[in-house]
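Residue numbers (the working numbering): 1173 to 1787.
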């Protein structure tokens, strides 16, 4: 037992049942208790270290750890701390420590709860990015060289104040890759866009000179250097520098379009479709018409004397040999569809067809007709999705009809048989037994109808609009609703969800999901220990993930994994089990474009993860 400053006492026996790695520190930074997993992870014995100054256990981290513990005692929630195993002696695994205030029943802070979790790639990138911000802020301004870093995972661009000066921008300007490139003048803009794309896709570094138009319209020359950084074969960031230079060179754009070529196609500028003339021998653009320029958004010089392969996706290039063969055989090729990014970075769906033509001196060219089919493609895709959705609805309706028919038929048959038996029976005792059986059958029928009604409610709310909801408000409501169950079972809910976390959901669904999961954790507790339920969250680019972990009976996923979310499927002998809660929860998450994962084993509790879609 421990005592807080207001003399309220607490039992810490529950921490022995926690499957997570948790340690508790008091206001004097002394270690009060820890879970078995924490002892195992750090190879420490609680009996030997209980009551010791916690920071002394990790002297390599003392100053940084002490600062964060003080912040937590001041009331700050979910303070993150990275533990580097190679710098310490107690563990071989890197991890993230989550520090939260530990409060008594009166809301007084009496210590700190630290939960240790394995570090994920996303968390490592986030921590690395924070270090980069500090690094960039301390970069030297010698020789007017500015530094930048592009986070390719989250599409965030950071640069030092020197870059703001080079661009002629105020210090509070928020850069993005798109608006940074827009400051370059036309010819240079294409050069910069190309080297950035090649860095992302091909891993090519760059070192180029280009012209940049400052905020006030002044045109200057800059030298920019970029180096892509890859992890697991994916470009995660690009780091580099930009320096203002004094150079008078001008970017030359070569033009080799012959006036004689144009005279051979008198309708070239009058046809209301995009047209391009391509050299048959080397694949370079010879000319493009105004419709094509309007479609692409680029100037004519952007294409002239460049090879068509620079603008075409891999799917088109894979057909190159076949197209050449068609041109040689019948002097034309069948229409081909491909995607193209215009100047505004909008993706267009284009259809191109070509004919082989002969110009001056019997020179062969390909006259290509380019048609914008973006709207048509979107409509086709929408129609296809509508057909798929209709099929899914029909399948769901058919399955529901079979389910209703089967369940109600079973009850009807049971009623019919019992009524016949009752009608034929003369003895009072046996008739009373049949009456009892009829009452039970009636209760079962009501329960079945109630379950079917709940399923219909899920299906009928699919078109309701999701809202951004504070998660802890819904948790508080559910905690009040299950307060009696918690008291009856001596259960505890440990809420590690930060106060500012919100999820995009339907309010009724969110409360239903929380209620189902938390009541299941209580209902299927182990007989020899009170239920402990831990709530926590994490954020990814697309999802807010709610984790609900318990120390209950657990589920044999090898045996029941494929039945886990089935209707009327139960996995424990519990008289209150209906086999409908997880089925409804799964349908509710699906209806909100979310998902559920489960990690469980018999006797080791269960961990449910609910992925709430941010869109």
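The beta-carbon is built from N, C-alpha and C at its ideal position, and this holds for glycine as well.
Please read these numbers as outputs of a predicted model, since none were measured by experiment.
Distance from the Cα of residue 1219 is smallest, within the candidate group 1203, 1213, 1227, for 1203. In this structure the region 1369-1384 touches the region 1399-1418; the number of beta carbon pairs closer than 8 Å is three or more. Judged by beta-carbon spacing, residue 1499 lies within the 8 Å limit of residue 1528, meaning their Cβ atoms are closer than that value.
Taking 8 Å as the upper bound for CB-CB distance, residue 1726 and residue 1772 are in contact here, some 5 Å apart. DSSP places residue 1464 in the uninterrupted alpha helix (DSSP H) bounded by 1462-1468. If you check the CB distance, residue 1465 and residue 1322 do not come in under 8 Å. In this structure, residue 1469 lies near residue 1516, with their beta-carbon atoms less than 8 Å apart. When the alpha-carbon of residue 1227 is set against those of 1551, 1208, 1196, 1522, the nearest one is in 1196.
Residue 1346 and residue 1284 have their C-alpha atoms spaced approximately 37 Å apart.
The beta carbon of residue 1684 sits closer than 8 Å to those of 1756, 1757, 1760, all from its chain and outside the five residues before and after it, given in chain order. In this structure, residue 1286 places its C-beta atom within 8 Å of the C-beta atom of residue 1270.
With the rule of 3 Cβ pairs closer than 8 Å, the region 1322-1338 does not count as touching the region 1229-1237. For residue 1443, no alpha helix (DSSP H) segment is defined, and its DSSP state is neither H nor E. Proximity to residue 1730 across 1715, 1721, 1774 peaks at 1774, based on C-alpha coordinates. Excluding residues up to 5 positions away in sequence, 1676, 1677, 1678, 1764 lie with their Cβ nearer than 7 Å to the Cβ of residue 1638 in the same chain.
For residue 1773, no alpha helix (DSSP H) encloses it, and the DSSP letter there is neither H nor E. Taken through DSSP and simplified to helix, strand or coil, residue 1321 comes out as strand. Runs of the alpha helix (DSSP H) lying entirely within the region 1508-1568 and spanning at least 4 residues: none are present. Note on residue 1562: under 16 other CB atoms within 10 angstroms of its CB, so exposed under the neighbour-count rule. A direct Cα-Cα distance of roughly 34 Å separates residue 1445 from residue 1348. Assigned with DSSP and collapsed to three states, residue 1404 falls in coil, not helix or strand. A distance of 8 Å or more separates the beta carbons of residue 1643 and residue 1690. For residue 1358, the uninterrupted alpha helix (DSSP H) run begins and ends at 1358-1374, by DSSP. DSSP places residue 1452 outside both helix and strand once states are collapsed to three, so it counts as coil.
Burial state of residue 1416 is buried, judged by a 10 Å Cβ sphere holding 16 or more other Cβ atoms. Exclusion of the five residues before and after residue 1275 leaves 1281 as the residues of its chain whose Cβ lies within less than 6 Å of its Cβ. Distance from the CA atom of residue 1288 to the CA atom of residue 1216, rounded to whole angstroms, is 15 Å. Contiguous beta strand (DSSP E) elements confined to the region 1226-1290 occur at 1251-1255, 1267-1275, 1281-1290, taking only those with 3 or more residues. Assigned with DSSP and collapsed to three states, residue 1640 falls in strand. Note on geometry: alpha-carbon atoms of residue 1778 and residue 1719 lie some 10 Å from one another. Of all alpha-carbon atoms in 1519, 1545, 1754, the one lying nearest the alpha-carbon of residue 1525 is that of 1545. For a cut-off of 8 Å, the C-beta gap from residue 1246 to residue 1272 is around 12 Å, too long to register as a contact. One Cα belongs to residue 1232, the other to residue 1257, and the distance between them is close to 11 Å.
Cβ-Cβ distances below 8 Å link residue 1594 to 1603, 1606, 1607, 1610 in the same chain, with the five nearest sequence neighbours on each side left out; the list follows chain order. Excluding residues up to 5 positions away in sequence, 1661, 1662, 1663 lie with their Cβ nearer than 6 Å to the Cβ of residue 1702 in the same chain.
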